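Heads up, the thing below is written out as structure tokens.
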Amino acid sequence: MNIIDTAIPDVKILEPKVFGDERGFFLETFREDWFREHVADVTFVQDNHSKSGQGILRGLHYQTEQTQGKLVRVIAGEVYDVAVDVRKNSPTFGKHVGVLLNSDNNKQLWVPEGFAHGFYVTTESAEFVYKCTNYYAPEFEQSVLWNDPSLAIQWPLVNSMQPLLSPKDEAGLMLADAPTF
Ligand SMILES: Cc1cn([C@H]2C[C@H](O)[C@@H](COP(=O)(O)OP(=O)(O)O[C@H]3O[C@H](C)C(=O)[C@H](O)[C@H]3O)O2)c(=O)[nH]c1=O
């Protein structure tokens, strides 16, 4: 597994080794001991899987309690994945990492606790799977607006169309008005 540093020290891009042969390919997507030693000493307790159509944007979400670290990847299609630092005392508060994750590059993004997370689907559809370091707790969930000008996220919108959002995400807060860590 190759680790790629990002503009935010705690956020890492992981590139697994892919073994191709005449049958197809094989890759290890996660090893607990390696992850603990090389990325973060965390325990994952919940796996998620979502499928979305083109132009869907899910996020930017975080839990203010029972905070979740997320190890995310795409198993079909492509998304632009974004992690925003919402740790108020962090030197990179309000900064973000954005990366294209797709089923060809097999890249993963490690989104630590203290970050808002979201993604935008660039292909006809995308299947998104991820591991979380804490359980889902909707009572503590917070949404920050995808297009908060202070974040300056350059979402690769398809045909410059406005993304399709859930009502919860349409009602997201500006980071300046959102609870932080
Ligand atoms: C997240 C989650 C949702 N649900 C149920 C609640 C709703 O009935 C339905 C859809 O939930 P939601 O609209 O919150 O799903 P997403 O918009 O994909 O939310 C996720 O999107 C961004 C990208 C994230 O990083 C978070 O993991 C998460 O907030 O699944 C569950 O039962 N368990 C869960 O862990």
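My numbering numbers the first residue of the sequence shown as 40 and each following residue consecutively.
Think of the CB as a built atom: it goes at the ideal place given N, C-alpha and C, for glycine as much as any other residue.
A quick note: this is a predicted structure, and the numbers were derived from the prediction, not measured.
Could you check the C-alpha separation between GLN102 and ASN198 for me, to the nearest Å? Position 63 of the sequence shown, counting from 1, holds the residue named residue 102. Position 159 of the sequence shown, counting from 1, holds the residue named residue 198. Each residue's alpha carbon lies about 32 Å from the other.
With DSSP as the reference, please indicate the residues paired to LEU203 in a beta bridge. Here residue 203 refers to the residue found at position 164 of the sequence shown. LEU203 pairs with ILE95.
In the DSSP output, what is SER182 paired with across the bridge? Working through the sequence shown from its first residue, we reach residue 182 at position 143. DSSP output for SER182 lists HIS100 as bridge partner(s).
Would LEU96 pass as an interface residue toward chain B - the criterion being a Cβ-Cβ separation below 9 Å? As a matter of chain content, chain B is missing from the structure shown, which is built from one protein chain.
Could you give the C-beta distance for GLN107 and ASN173, rounded to a whole number, given that I count them as a contact under 8 Å? Taking the first residue of the sequence shown as 1, we reach residue 107 at position 68. Taking the first residue of the sequence shown as 1, we reach residue 173 at position 134. With a Cβ gap of about 5 Å, GLN107 and ASN173 count as contacting.
Can you tell me which of PHE65, ARG62, ILE42 and LYS90 puts its alpha carbon nearest to the alpha carbon of VAL78? Counting from one through the sequence shown, the residue named residue 78 turns up at place 39. Looking only at PHE65, ARG62, ILE42 and LYS90, the smallest Cα-Cα distance to VAL78 is reached by ILE42.
With distance defined between alpha-carbon atoms, name the residue in PHE83, ASN144, GLU61 and ASP72 nearest to TYR175. Working through the sequence shown from its first residue, we reach residue 175 at position 136. Just measuring C-alpha positions, the residue of PHE83, ASN144, GLU61 and ASP72 sitting nearest TYR175 is PHE83.
Helix, strand or coil: how does DSSP classify TRP149 here? As a position in the sequence shown, residue 149 is number 110, starting the count at 1. Under the three-state reduction of DSSP output, TRP149 falls in the strand class.
So is the beta-carbon of GLY98 under 8 Å away from any non-hydrogen atom of ligand 1? Numbered from 1 along the sequence shown, position 59 holds the residue referred to as residue 98. True, at least one ligand heavy atom lies under 8 Å from that Cβ.
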